[in-house]
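Visitor: Provided herewith is a single structure, encoded as structure tokens, for subsequent inquiry.
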Amino acid sequence: MAVVILSLGMLAAFTLFSAGLKTSEQFSDDTAAALFARSMFARLRAESSLASERSEWTNFWSAFAAGSTSLMAEAGGPDGVWASTNMALRAGGLFTNIYSEYSLRFGAETGRVSRSLRYRATVTLRPDGASASSNSSAAAVVLEVWNGAYGPTNDDNCFLFYTEIPNGGRL
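The numbering used here applies: residue 13 is where the sequence shown begins, and numbers increase by one.
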């Protein structure tokens, strides 16, 4: 009888251990998606502000929403955290960014994949809708992020982020 009770206790302990590992992995995925969204939104705000100062806000958002221009992520390249051949941030489709580790000690790429993310950014210009015009006062950006390079892209398993970026030239 004592062996049965001990076995059940050990089984329960091992179950809790695997649940703890899964929770830790989910928190890591949450953090990576949130950091990616913060990076993308910060870059969009900076570029939008520069475009607004040059009176090119409408042109910038029209090109970005159509997917004909891209921005570079802020934490990339030899001076950043990751080395990657695909650090572009784009809208207008589903894209995959694969980040490999960069060794600051040796000054080279390690070849190990640190994180991969799939994302879709959708831009809506307010109040006009789909296309930018001189009346557009804000760009609404919806960012869907999925962890991993492969897998389903339904709304049930994505991280969803939203922001609005005003046209500073119209304030």
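Beta carbons: idealized from backbone N, C-alpha and C, even for Gly. All of these numbers come straight from a predicted model, not from anything done at the bench.
DSSP beta-bridge partners for proline 178?
Guide: Within the sequence shown, the letter at position 166 stands for residue 178. DSSP output for proline 178 lists Ala150 as bridge partner(s).
Visitor: Who are the Cβ neighbours of aspartate 167 in its own chain at under 7 Å, not counting the five residues just before and after it?
Guide: Numbered from 1 along the sequence shown, position 155 holds the residue referred to as residue 167. Taken in chain order, the list of residues that qualify is empty.
Visitor: Contact between the region 14-27 and the region 101-115: three or more CB pairs below 8 Å?
Guide: no
Visitor: Mind listing, in chain order, the continuous alpha helix (DSSP H) runs of no fewer than 4 residues lying wholly within the region 30-81?
Guide: 69-78
Visitor: Taking all protein chains shown into account, do 16 or more other C-beta atoms lie within 10 angstroms of the C-beta of asparagine 169, making it buried, or fewer, making it exposed?
Guide: Against the sequence shown, residue 169 aligns to sequence position 157. Looking at its Cβ environment, which holds fewer than 16 other Cβ atoms inside 10 Å, asparagine 169 is exposed.
Visitor: DSSP three-state call for glycine 123: helix, strand or coil?
Guide: Taking the first residue of the sequence shown as 1, we reach residue 123 at position 111. When DSSP states are grouped into helix, strand and coil, glycine 123 belongs to the strand group.
Visitor: How many Å lie between alanine 49 and serine 61 at the Cα?
Guide: The count along the sequence shown starts at 1 and reaches residue 49 at position 37. The count along the sequence shown starts at 1 and reaches residue 61 at position 49. Going by the C-alpha atoms only, they are around 18 Å apart.
Visitor: Rounding to the nearest angstrom, what Cα-Cα distance links arginine 66 and glutamate 37 in this structure?
Guide: To locate residue 66, count along the sequence shown from 1; it is residue 54. To locate residue 37, count along the sequence shown from 1; it is residue 25. Between arginine 66 and glutamate 37, the C-alpha separation is close to 44 Å.
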